[in-house]
Structure formats: structure tokens, C-alpha cells
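Enquirer:
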Amino acid sequence: MREIILLKLGELVLKGLNRHRFEEQLMANAKRRLKPLGAFKVYTRQSITYVEPQSDDCDTAAAFAAMQKVFGAADVCLCRECEKDQDAMLAAIKEFLADQIAAARTFKVECKRSDKTFPLNSIQLAQYLGGELDEAYPHMRAEMHHPDLIVNVEVRETAAYIHGNPAPGAGGLPVGVGGRAVSLLSGGIDSPVASWMMAKRGLSLEMVHFFSYPYTSPEAKEKVLDLARILTPYTGRLVVHVVPFTAIQEELRRSCPEELFTILMRRFMMRIAAEVAHRTGSGCLITGESLGQVASQTMEAMRCTGVVTDLPIFRPVVGMDKEEIVRISRKIGAFETSILPYEDCCTVFTPKHPRLKPTRAECERAEEKLDVEGMVKTAADNIERVFIAME
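Mapping the sequence shown onto numbering that gives the first Met the number 0, position 197 (from 1) lands on 196, and the numbers just tick up by one.
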């Protein structure tokens, strides 16, 4: 018999009258991830999204792995279909869950009977299957409260379905339900984590990277594109807007006080990111800033950089220490790429003694001699757009 995948919904089940919108977005995202893997039918019933292969050439194992990275699903289960016969169900359990049974010391059986014509009700079926398993596997004992293994059986109209303990899903909300945002993506550890965290809250992302050739190398740019590729299984396809930033940095070095260089550079980054947001219909900016981590991430510095745009700026890692950020970076598979030794534009012309508590007034005075609007427009007009597809 065939295997199907179940996505058990998390916080989506708490939604009210607009819950269907979240479910539809989850199904649409799942279908896009599944498209390269074969023909799958995706539908939702009673807080569970079903992913059913429609032909023998579907890659169910790859689909299962892909579904674990779809935001909106709290748990993901691989499920075996079998006949609606209690002995067929028992045989399917013994075969399909053999590895989980061998590892378990306690178990329970949970049954759900959607097909009310099935002769045994849920309790009777659970008692029968539990009794047979207890007798067949002396190393396991029944435990109703905290079992190692929960054997799940669902009797539906066309067949019965068996699965064991679920694998963790990505959680959060389906990408797209929260609108669109521009995320500033450097080659470091923090910004990919910040992007992942906000995608988990339902935001579709446009990525912006500031590239300062020849001060930063083509390898540094490729590293950032690799980070975007690592994010796409979670976010869906991405566009990386690569901003030519060399001319702005050189003008700041010529014309502005050295101690304000970093904060003025960040102000230009925010302005350009806001222009990208305007052009892409995005409603906010995302950064990987963590309070106090570097000179440009003090409270005063962040106030000076944020004031140049009226868009909200989300800083999801702002209260996290480095160990917490690294833990997530490892979890999503970005850490090893993030620590590759390629420079990014933030290391170019770094002042010896950066101002830790800049004021808005001194930043504005330093920018008076600059054609700020023209510099931003020139950079935005010469952006290179790199499209990152899901692999």
C-alpha cells in the first residue's frame, strides 16, 4: 500500500474566520515545494493537511524532507495506507513501525474513526490493537500518559492510515500571509537567522546585499548567494538585490568624519533598502542587528539609522546573544557557510574609533555636503537582481 504525508497544523488552528486563508497559503506553498518531486494531491481536513502521491514515480522521501521546512506545519508524519480491516491494520503497524517499535519501551494506541460505518468504534479498535501489540512485543508495556511511541490509526472513508511519532515541522505561519519584507543579507551569521525568523512569521522576503567590489571579492558575493540558497527551502524562491556600494563608501571616506563612517554607511543602506521596498511593494525592513554587538548596534546608533525611513524595521535577534543566534544558524544549515573567511562591505574602511553614541544632528550635518538622494537613486538604479530558485 502507498505512503502519504500528514502535516499537522500548529498555531493556525487558533485562527478565527480567516483561518481558511492561512490553510490555503500553506497548501499553495507545499504544492510549490512538491512540484519538482512528482504529482501530489494536497488538501486540508480537520486541522491536518494531507500530501498524497498520485503516481509511483513520486519521490515521497524527498517530499517528506521538504515538508519539514514548510512554515505552518507543527508536525510532519509519514503515514501508511492499508485496508479497513483490523487485522490488516495490525499487520501494517508491525511492518511500517517496526523500527519505532524496536526502540520503544512504552506505547499507546490512538484511533480516530471518521468512517462511522466501520464496525468498531475508536475505543474498541484501540483496545484491540493495543492488546495485540502488548502480547506480540514483550519488551513494550502500555503507558497512557507519556509513552515512547504513540501508534496512530485513522479510519477514513476509503482506507485506514497508520503512523507513529511525528517528526518536528518548521512551525510558525505560512510564508506569504504576513505580507512582503526586504531583508538586509550580509555574509555573516546574524542576518540569515533574522531572515529565517521573520519568514517563520509569514513574511515573503526580498533580499538586499551590499557589494563593494573590488574591496570585497566575487567569492564574498557568491557566499551570500549560497546563504540565500540555504534559506529557500524555508522561504520559497528568493530575489537577491545586489547593490553596488563601492561609490557610496568611497564618497563617505572622502567627505565625512572617520568616526561616523560606519553609522553613515548604515544610514545609506537603510535608505537603499527602503527604495527597494518601495519598488517591490514591501512593507518593512529586516536586519540582523543585535543590541551592543558592534559599534553600529548601540541603541543610539540604531536610532540614527532607523530615522532615515518611515518603514517599520524588524530586528528579530536584537535581544539574543551570539550563542543563541549560532544555535539557530546551525539548525537551519547556514553556520558553516556564514563563517567562510570572505570579507563583506561592513569591513571596508572600518574606523579605528567609531562613534558609539552618535546623534541624529551630527549625522545630518555630516551628510549636508552629500547628494544623498542622487547617491541612493544611482545605487538603486544599478542593482543586479539574482533569482534563487528552490533546488
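Each residue gets a CB set at the ideal place from its N, CA and C atoms; glycine is no exception.
Which partner residues does L6 have in the DSSP bridge list?
Expert: Reading the sequence shown from its first residue, position 7 is the one you call residue 6. According to DSSP, L6 bridges with T48, V75.
Enquirer: Do you know how far the Cα of C81 is from the Cα of V152?
Expert: Your numbering for residue 152 matches position 153 in the sequence shown. Your numbering for residue 81 matches position 82 in the sequence shown. Whole-angstrom Cα-Cα distance: 10 Å.
Enquirer: Could you give the DSSP three-state label for L237: helix, strand or coil?
Expert: Here residue 237 is taken as the residue at index 238 of the sequence shown, counted from 1. Strand at L237.
Enquirer: If you follow the beta strand (DSSP E) that V207 is in, where does it begin and where does it stop?
Expert: What you label residue 207 is simply residue 208 of the sequence shown in a count that begins at 1. Segment 203-210, the beta strand (DSSP E) holding V207.
Enquirer: Do the CB positions of Y212 and F348 come within less than 9 Å of each other?
Expert: Translated into the one-based positions of the sequence shown, residue 212 becomes position 213. Translated into the one-based positions of the sequence shown, residue 348 becomes position 349. For Y212 and F348, no; Cβs fall outside 9 Å.
Enquirer: F348 by DSSP, collapsed to three states: which one?
Expert: Residue 348 sits at position 349 when you count from the first residue of the sequence shown. DSSP places F348 in coil when its eight states are reduced to three.
Enquirer: Determine, using beta carbons only, whether G287 and D189 come nearer to each other than 9 Å.
Expert: Taking the first residue of the sequence shown as 1, we reach residue 287 at position 288. Taking the first residue of the sequence shown as 1, we reach residue 189 at position 190. Yes, Cβ-Cβ distance for G287 and D189 is below 9 Å.
Enquirer: Straight-line CA distance for E218 to R32?
Expert: Position 219 of the sequence shown, counting from 1, holds the residue named residue 218. Position 33 of the sequence shown, counting from 1, holds the residue named residue 32. So the two alpha carbons sit approximately 29 Å from each other.
Enquirer: Flag this pair as yes or no: are the beta carbons of S295 and K321 separated by less than 9 Å?
Expert: For the purposes of this step, residue 295 is taken as the residue at position 296 of the sequence shown. For the purposes of this step, residue 321 is taken as the residue at position 322 of the sequence shown. Contact flag unset, no.
Enquirer: In whole angstroms, give me the CA-to-CA distance for R354 and L259.
Expert: What you label residue 354 is simply residue 355 of the sequence shown in a count that begins at 1. What you label residue 259 is simply residue 260 of the sequence shown in a count that begins at 1. Going by the C-alpha atoms only, they are around 6 Å apart.
Enquirer: For the alpha helix (DSSP H) containing T261, name the first residue and the last one.
Expert: Here residue 261 refers to the residue found at position 262 of the sequence shown. First-last of the alpha helix (DSSP H) with T261: 260-279.
Enquirer: Tell me whether the beta-carbon of L183 lies closer than 9 Å to the beta-carbon of I338.
Expert: Counting from 1 along the sequence shown, the entry for residue 183 is found at position 184. Counting from 1 along the sequence shown, the entry for residue 338 is found at position 339. No, the pair does not count as a contact, with Cβ atoms beyond the cut-off.
Enquirer: Would you check if there are 3 or more beta carbon pairs closer than 8 Å linking the region 138-147 to the region 19-39?
Expert: No, they do not touch.
Enquirer: Identify which residue in A227, E156, H208, V325 has its Cα closest to the Cα of V316.
Expert: Stepping through the sequence shown from its first residue, residue 316 is reached at position 317. The candidate whose alpha carbon is nearest that of V316 is V325.
Enquirer: The alpha helix (DSSP H) with F95 in it runs from where to where?
Expert: Indexing the sequence shown from 1 puts residue 95 at position 96. Residues 85-95.
Enquirer: Measure how close the beta-carbons of L202 and G178 come, nearest whole angstrom, since I'm counting them as under 8 Å.
Expert: Taking the sequence shown and counting its residues from 1, the one referred to as residue 202 is at position 203. Taking the sequence shown and counting its residues from 1, the one referred to as residue 178 is at position 179. Confirmed, Cβ separation roughly 6 Å.
Enquirer: Based on Cα-Cα distance, which residue from T304, T377, H162, H240 lies nearest to I247?
Expert: Walking along the sequence shown from the start, residue 247 turns up at place 248. Of the candidates T304, T377, H162, H240, the one whose C-alpha sits nearest the C-alpha of I247 is T377.
Enquirer: Taking buried to mean at least 16 other C-beta atoms within 10 Å of its own C-beta, is M26 buried or exposed?
Expert: For the purposes of this step, residue 26 is taken as residue 27 along the sequence shown, with counting starting at 1. It is buried - the Cβ of M26 has at least 16 other Cβ atoms within 10 Å.
Enquirer: Closer than 7 Å by C-beta to F95: which residues in its own chain qualify, once you throw out the five before and the five after it? Chain order, please.
Expert: As a working mapping, residue 95 is identified with position 96 in the sequence shown. Taken in chain order, the residues that qualify are R79, I161.
Enquirer: For the beta strand (DSSP E) containing F106, name the first residue and the last one.
Expert: In the sequence shown, the residue the question calls residue 106 occupies position 107. Where F106 is concerned, the enclosing beta strand (DSSP E) stretches over 105-112.
Enquirer: Taking the alpha-carbon of K351 as reference, which of V150, L224, E257 has the nearest alpha-carbon?
Expert: Position 352 of the sequence shown, counted from the first residue, corresponds to residue 351. Checking every option, the nearest Cα to that of K351 belongs to E257.
Enquirer: Kindly indicate which three-state DSSP category S216 falls into: helix, strand or coil?
Expert: Sequence index remark: in the sequence shown, residue 216 carries index 217 (1-based). Reduced to three states, the DSSP call for S216 is coil.
Enquirer: Using the Cβ count rule (16 or more neighbours within 10 Å means buried), how would you classify T261?
Expert: Translated into positions along the sequence shown, residue 261 becomes position 262. That one is buried.
Enquirer: Report, in whole angstroms, the separation of the C-beta atoms of M206 and H240, which I expect to be a contact under 8 Å.
Expert: For the purposes of this step, residue 206 is taken as residue 207 along the sequence shown, with counting starting at 1. For the purposes of this step, residue 240 is taken as residue 241 along the sequence shown, with counting starting at 1. About 7 Å; that satisfies the 8 Å criterion.
Enquirer: Can you list the alpha helix (DSSP H) stretches of 4 or more residues lying completely in the region 318-386, in chain order?
Expert: Listed in chain order, the complete alpha helix (DSSP H) runs (minimum 4 residues) inside the region 318-386 are 321-330, 334-337, 359-366, 371-380.
Enquirer: Does the region 269-282 come into contact with the region 301-317, if we say contact requires no fewer than three beta-carbon pairs (one atom in each stretch) closer than 8 Å?
Expert: Enough Cβ pairs lie closer than 8 Å, so yes.
Enquirer: With 16 as the cutoff for other CB atoms within 10 Å, does K368 come out buried or exposed?
Expert: By 1-based counting over the sequence shown, the position of residue 368 is 369. Burial call: exposed.
Enquirer: Do you know whose CA, among Q292, G280, T116, lies nearest G318's CA?
Expert: Numbered from 1 along the sequence shown, position 319 holds the residue referred to as residue 318. The shortest C-alpha separation from G318 is found at Q292.
Enquirer: Please classify P118 as buried or exposed, where buried requires at least 16 other C-beta atoms within 10 Å of its C-beta.
Expert: By one-based count along the sequence shown, residue 118 stands at place 119. The residue is exposed, with fewer than 16 neighbouring Cβ atoms inside 10 Å.
Enquirer: What residue does the beta strand (DSSP E) around H162 start on, and which one ends it?
Expert: The count along the sequence shown starts at 1 and reaches residue 162 at position 163. Run containing H162: 159-162, per the beta strand (DSSP E) assignment.
Enquirer: Looking at T297 and V238, is the spacing between their C-beta atoms short of 9 Å?
Expert: By 1-based counting over the sequence shown, the position of residue 238 is 239. By 1-based counting over the sequence shown, the position of residue 297 is 298. No, they are not a contact pair.
Enquirer: Less than 9 Å between the beta carbons of K199 and G235, yes or no?
Expert: Locating residue 199 in the sequence shown gives position 200, where the first residue counts as 1. Locating residue 235 in the sequence shown gives position 236, where the first residue counts as 1. For K199 and G235, no; Cβs fall outside 9 Å.
Enquirer: Taking the CB atoms as reference points, tell me whether A166 and D98 lie closer together than 9 Å.
Expert: Sequence index remark: in the sequence shown, residue 166 carries index 167 (1-based). Sequence index remark: in the sequence shown, residue 98 carries index 99 (1-based). Not closer than 9 Å, so no.
Enquirer: Restricting to Cα atoms, I'd like to know which of P173, D343, I387, W195 is closest to K23.
Expert: Your numbering for residue 23 matches position 24 in the sequence shown. First, the amino acid is wrong: residue 23 is Glu here, not Lys. Nearest option by C-alpha distance: P173.
Enquirer: Over the uninterrupted alpha helix (DSSP H) stretch that includes E250, give me the two end residues.
Expert: As a working mapping, residue 250 is identified with position 251 in the sequence shown. First-last of the alpha helix (DSSP H) with E250: 245-254.
Enquirer: Could you say which of T304, V150, Y341 lies nearest to E361 if we only look at CA atoms?
Expert: Walking along the sequence shown from the start, residue 361 turns up at place 362. Among T304, V150, Y341, the Cα nearest to that of E361 is on T304.
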